[in-house]
Amino acid sequence: MGLISRGWLHCSAITCVLLILIAPPIHAAENRLVVELWAERQPLIRPEGDYPLRRDAALQQILHEAQWTFSGMVYGYRFYYRPFDRARQVPEQFDLTLHAEIPWGDSALSVLAVRHADSRYFAQIQYQMSDSQAAWANGWQSRAIPRSTGAGEATLWSGPEQKRNAVEDAIRIAVREHLRSVSPNKPHSARGRLILTAPPRVWIDSGSYQASVQIKVRVEEVRQYEFH
């Protein structure tokens, strides 16, 4: 079983329906997030291990993905972004750090249902937020906080861990597009915070992991170039 707790491997007979409860304000009876994630039984790129992928191994992979997915939805990220500037010969730079991370083995993270279809395992994963976590997430519900969306990608060749890189690339695009909408001149750099407002969507196409995200973003500092 490795690091998977018994609580995580408990599956109910619930129909596997995607429930996303982040959109409305989160109240005491609604302190839970639910998402459906997948793992391939026989991936094209195969890291070390036994294939076809066994159910327990697939669940462990899915739970790792759920860990950082829910962390991004509950706590959000800090970011630093410096746009590409050809004239100044400045390369693009994007740094993204989780504000906090749900610990591996957290008893609030559980498996509700598992199914096998189309050569994949699908698991419905739930995270039960504490009142303080729900209050933190609720702090992002204000309509005054701008929304943005983005689509990104990452190579398939390094294995399923690249799903996270595809999601982070999509976040980069969402931040870039937001800055373009609020800053008429290309800035030197920007810092701020953001949160995932829904689980990222991840799929495979043309030899790459593709991802799309929805975020809310607070830009806390924008530095402009100085002109002399």
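Add 370 to the 1-based position in the sequence shown for my numbering, that's all there is to it. Don't be surprised by glycine CBs; every beta carbon is placed ideally from N, CA and C.
Per-residue burial, residue i [other beta carbons within 10 Å of its own, 16 or more giving buried]
i      : result
TYR445 : buried
ARG456 : exposed
SER576 : exposed
GLU462 : exposed
PRO554 : exposed
ARG458 : exposed
GLU601 : As shown, the chain starts at 371 and ends at 598. That puts residue 601 outside it, with no answer to give.
VAL545 : buried
HIS434 : buried
PHE449 : buried
Cβ-based neighbour list, residue i, same chain, cut-off 7 Å, excluding 5 preceding and 5 following
i      : result
PRO422 : ARG411, GLN412
GLN532 : ALA524, THR525, LEU526, TYR579
ALA536 : GLY522, GLU523, ALA524, VAL572, TYR579, GLN580, ALA581
PHE454 : VAL460, PRO461, GLU462
Per DSSP, the bridge partner or partners of residue i
i      : result
GLY562 : PHE449, VAL589
ASP318 : Lying outside 371 to 598, the shown extent of the chain, residue 318 is not represented and no answer is given.
LEU403 : TYR497
SER408 : The displayed chain sequence assigns Trp, not Ser, to residue 408. In DSSP, TRP408 forms a bridge with PHE492.
PHE464 : TYR451
GLN594 : DSSP output for GLN594 lists no bridge partner at all.
Residue closest to residue i, alpha-carbon to alpha-carbon, out of the options
i      : options                        : result
ASP426 : ASP575, LEU403, ALA409         : ALA409
PHE492 : VAL583, VAL592, VAL405         : VAL405
ARG542 : VAL583, TYR595, SER551         : VAL583
LEU482 : LEU407, TRP573, SER500         : LEU407
ARG490 : ALA581, TRP573, ARG402, GLU591 : TRP573
GLU590 : PHE440, TYR451, VAL460         : TYR451
GLY484 : PHE454, ALA521, SER477, ILE495 : Going by the sequence as given, residue 484 is Val instead of Gly. Per the Cα distances, ILE495.
LEU549 : ILE515, VAL592, ASP476, GLU400 : VAL592
GLY475 : TRP438, ALA505, PHE464, GLU400 : TRP438
6 Å CB neighbourhood of residue i in its chain, flanking five on each side removed
i      : result
TYR358 : Absent from the model: residue 358. The displayed extent of the chain is 371 to 598, so no value can be given.
ALA428 : ALA409, TYR491
ILE432 : LEU407, ALA409, ALA493
GLN503 : VAL444
Neighbourhood of residue i by C-beta, 8 Å cutoff - its chain only, sequence neighbours within 5 removed
i      : result
TYR447 : LEU466, THR467, LEU468, HIS469, ILE541, ARG563, LEU564, ILE565
THR567 : ILE392, ALA393, MET443, TRP510, ARG517, GLN584, ILE585, LYS586
ALA478 : ILE472, TYR497, GLN498, MET499, SER500
VAL552 : PRO516, VAL589
Cβ-heavy atom distance, residue i to the ligand NAP, below 7 Å
i      : result
LYS533 : Absence of the ligand NAP from the depicted structure is noted, as is the absence of any ligand whatsoever, leaving it without description.
* Taking only runs that begin and end inside the stretch 466-533, name each unbroken beta strand (DSSP E) of 3 or more residues, in chain order. => For the stretch 466-533, the full-length beta strand (DSSP E) segments reaching 3 residues or more read 479-487, 490-498, 517-525 along the chain.
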